[in-house]
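Numbering (the working numbering), first residue to last: 141 to 1057.
A virtual CB, placed ideally from N, CA and C, is assigned to each residue, including glycine.
Predicted model only: the values in this text are computed from it and were never measured.
See below for the structure under consideration.
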């Protein structure tokens, strides 16, 4: 009997492989006094029968910021409490000496030592069944994470990883034994879980591959190798180690892939490839680090041509071959290809005989990926419709590249597989000519340069259209190019067709047929917009759906490359797609969509116009389709932004409305008139002429008079005085015929402005006085203030500056009552002129500066320029030459932007200042 037995402590059992416990021989748990005595016991047990230095125990028990004033004394207290808890009253178990403490016990009393003893014995056993029994007995001692629940700082940070490693090595030993006795199928689930928990532990992966192979799942084993290769590169930046490579080689030998051939499956290259220099450069940049490239673009843009052309250029970079498949994503008669149906063809191309193909699809994928894991293969997947078609076929080997073409964005591949997207746009005119010349010869194009340019413009950069056109030109060498222009102008889709059924209409139809009904409807209706650009609000109105819904539909069409996104909430249709979509639209559907568009423009434009000019007399608007959503601008900035967004389309919309919706046409011109005048935008005169013609067709005299006054405003801005007077006279004649006092007053007031510009200030005063009397009678306060200010201006022109200031002051009082900022601006301009005429130059400068600031804030560019010119003249007179130069320069910038004739006058003034004269 040992001394410990004599002392009665040999029955204690210590357990570290899980939650730390001390039990009696009968199995009762002995409670430990507190946390630190438990840590002390763990430290002593981990070095069983060996002395642990006092300093080391102090480090284990306390962090630096926790040290008691006397650590050794504190340690002695904990040792005493631990002895008492364990019943070691004779100090035979925990002994003091040699500068520390030692816990003496038989090794079988500690589960860790028992585990180690069993694992050592298992490693020495030659019989796999006996080996498995021993190691399994040792593993059964583990109840969870070692030292669980024991926060021992440095002790657990250092020891737990070591103990876990011992546990993992024991598991590896157990799996080897189970594989040796033929238990392969049963270990696969356990190893699959372990490789997920320990993805960089190569031994588990190797055992899993062996188990899969032993279970007859060779392809899955090869797939596992591909997976661990990928994980190791992602996590550690290295490839598989020697053991994994050795197992992989064994698997390949067993699978007989040594007969692998080098596939060359690319279709014939396009004979006349042109342009795309930048896109070829971007494709070159995919090598060698990118493994998934994505060429996206609309139908007919040349995605397949580019992919095949580039693939042939770089084929030698992939010594193990090139695979190609058309995924039929947009076939008119066939369903999109099932990638699992293509897989056997790829495996056959790689040399796998049909009788060696695995039956299960997942094992075919596994075999395919494994065969490409260490090879350099280029894979071209053409006409993909969805990411699901691509994923099973995409090569995952580090030396491989998968190149996909699609009309869809396939955003999922970009997001999850880090595919590199390459957007294919239309060809520019030079590239278009290059492609056409490659088909028909440069000489024929040179013979009729004008027709060549027109043909290129009609094809709008679409390679398919250019190719079809080139084929027709080549087949008809005696036809003049001009005749092809006529054909394209009359029926572009018919002109771009061949007798054997190849045409753009058919190509477009493949994409159109894939659309859900609501998307197809939106596509058709977008083509009813006559402008070059389509705003989000206009698109929503065309379809009669809320803006939020429209944004979602447009996003899908953009992703399908059936619609171009020019910028935030701005879209465009390719000219040929527009023609195709219009063919699909029934006349009634088209008319209803266009009427909704006009209703949206009129109602939103009217609200915006009244924000810019609140004192403007409103017009009566027709009812609005309940499906049209109008966002009413509330600030000048919002109003200008809305007008700016629709400005590129105004004339196209108005021309399309001629004779089709004359009432809405006139109303829309009314809404944009002030905007065009304030901004100095082109199209003002044509818009008003279209409005006048519409008013005549409608037989509406009031609309005719209003439009003639607006036309006169345009002629006045262009310094076309006689034409302005003529329009005012005609407008006044209508107003007098209708006994329209307001119309007479407005016409008289406007006519006076022209007369004043012509130097006839006396007549201008007569006309304005007539208007003022009418306004005083009818109570038009804003118009009355306008008339008073104009009188001040005219008297100022006659040199009667005191009268001018007096009228201006009367006008200012009214404008202040009306809270009109614009009124303050025009009065400040009038006063500036009168003050300058009176020699009060500093006051004149201040008055002009006020006018400029307000006009600039309100976005009235033409009036701002005029006021800046007047300010510059006064500044010169006051000797403020630097300030005058600044004012002239700012005026010139505006006038040049407006292409205004006064720009030349300003340049002369600046030249004079530079010469010092």
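Tell me, please, whether the CB atom of residue 880 is closer than 7 Å to any CB atom in chain D? Looking for chain D here will not work: only one protein chain is present.
Can you tell me whether residue 511 is helix, strand or coil according to DSSP? Shown here, residue 511 sits in a helix according to DSSP, grouped into three states.
CA-CA distance, residue 608 and residue 596? 12 Å
Of the residues 843, 1008, 481 and 1021, which one's Cα is nearest the Cα of residue 1043? 1008
Looking only at its chain, what residues have a beta carbon closer than 8 Å to the beta carbon of residue 977, apart from the 5 residues adjacent to it on each side? 936, 939, 941 and 944
With DSSP as the reference, label residue 705 as helix, strand or coil. strand
Check whether the segment 521 to 529 and the segment 491 to 508 are in contact - that is, three or more C-beta pairs closer than 8 Å. When C-beta atoms of the segment 521 to 529 are compared with those of the segment 491 to 508, fewer than three pairs fall below 8 Å, so the two segments do not count as touching.
To the nearest angstrom, how far is it from the Cα of residue 262 to the Cα of residue 279? Distance between the alpha carbons of residue 262 and residue 279: 11 Å.
DSSP on residue 243, reduced to helix/strand/coil? strand
Hey, is the segment 847 to 854 in contact with the segment 863 to 883, meaning 3+ C-beta pairs nearer than 8 Å? Three or more beta-carbon pairs separated by less than 8 Å link the segment 847 to 854 to the segment 863 to 883, which places the two stretches in contact.
May I ask you to list the residues that DSSP assigns as paired with residue 502? Paired residues: none, contrary to the question.
So what does residue 711 bridge to, in DSSP terms? Per DSSP, 674 and 705.
According to DSSP, is residue 341 helix, strand or coil? coil
Ordered list of alpha helix (DSSP H) runs contained in the segment 296 to 351, each at least 4 residues: 324 to 337
Below 8 Å, how does it come out for the segment 760 to 780 and the segment 697 to 710: are there three or more Cβ pairs, yes or no? no
Residue interval of the beta strand (DSSP E) (run including residue 238): Run containing residue 238: none; DSSP gives neither H nor E here.
Spatial neighbours of residue 317 in its chain, beta-carbon cut-off 6 Å, leaving aside the 5 residues before and after: 268, 271 and 272
Decide yes or no for the touch test of the segment 999 to 1018 against the segment 1027 to 1043: beta carbon pairs closer than 8 Å, at least 3 of them. yes
Please list, in chain order, all residues of the same chain as residue 419 whose beta carbon is under 7 Å from its beta carbon, the five residues on each side excluded. 446, 562 and 564
If we call anything under 7 Å between Cβ atoms a contact, is residue 647 one with residue 545? no
Proximal residues to residue 345 (C-beta, below 7 Å), its chain only, five neighbours per side dropped: 335, 364, 368 and 384
Which residue from 768, 771 and 734 puts its Cα closest to that of residue 802? 734
Check this for me: beta carbons of residue 1060 and residue 924, under 7 Å apart or not? With the chain running from 141 to 1057 in the structure shown, residue 1060 is simply not present.
List, from N- to C-terminal side, the beta strand (DSSP E) runs of 3 residues or more that fit wholly inside the segment 681 to 767. 704 to 707 and 710 to 712
Nearest residue (CA-CA) to residue 160, options 151, 167, 173 and 178: 178
Residue 548 classed as buried or exposed, judged by whether at least 16 other C-beta atoms fall within 10 angstroms: By the neighbour-count definition (other C-beta atoms within 10 Å, threshold 16), residue 548 is a buried residue.
Which runs of the beta strand (DSSP E) fall wholly inside the segment 437 to 476 and span at least 3 residues, in chain order? 462 to 466
Just to confirm the assignment, what range does the beta strand (DSSP E) spanning residue 520 have? Per DSSP, residue 520 is one residue of the beta strand (DSSP E) stretching across 518 to 524.
Exposed unless 16 or more other CB atoms sit within 10 angstroms - verdict on residue 555: Looking at its Cβ environment, which holds fewer than 16 other Cβ atoms inside 10 Å, residue 555 is exposed.
Spatial neighbours of residue 143 in its chain, beta-carbon cut-off 6 Å, leaving aside the 5 residues before and after: Any reading at residue 143 must be qualified, since the residue scores a pLDDT of 39, below 50, and its modelled position is unreliable; no value is offered.
Can you confirm whether the segment 821 to 837 touches the segment 786 to 804 when touching is taken to mean that 3 or more C-beta pairs between the two stretches lie within less than 8 Å? Verdict: yes, contact present.
I need the straight-line Cα distance from residue 409 to residue 715, nearest angstrom please. 28 Å
Mind checking whether residue 460 and residue 530 have CB atoms under 7 Å apart? no
Which residue's Cα is closest to the Cα of residue 706: 676, 356 and 653? Of the listed residues, the one whose Cα sits closest to residue 706 is 676.
Residues near residue 682 in its chain [Cβ-Cβ closer than 7 Å; skip 5 each side]: 665, 666, 668, 669, 733, 736 and 737
Between 370, 358 and 412, which has its C-alpha nearest residue 391's C-alpha? Of the listed residues, the one whose Cα sits closest to residue 391 is 358.
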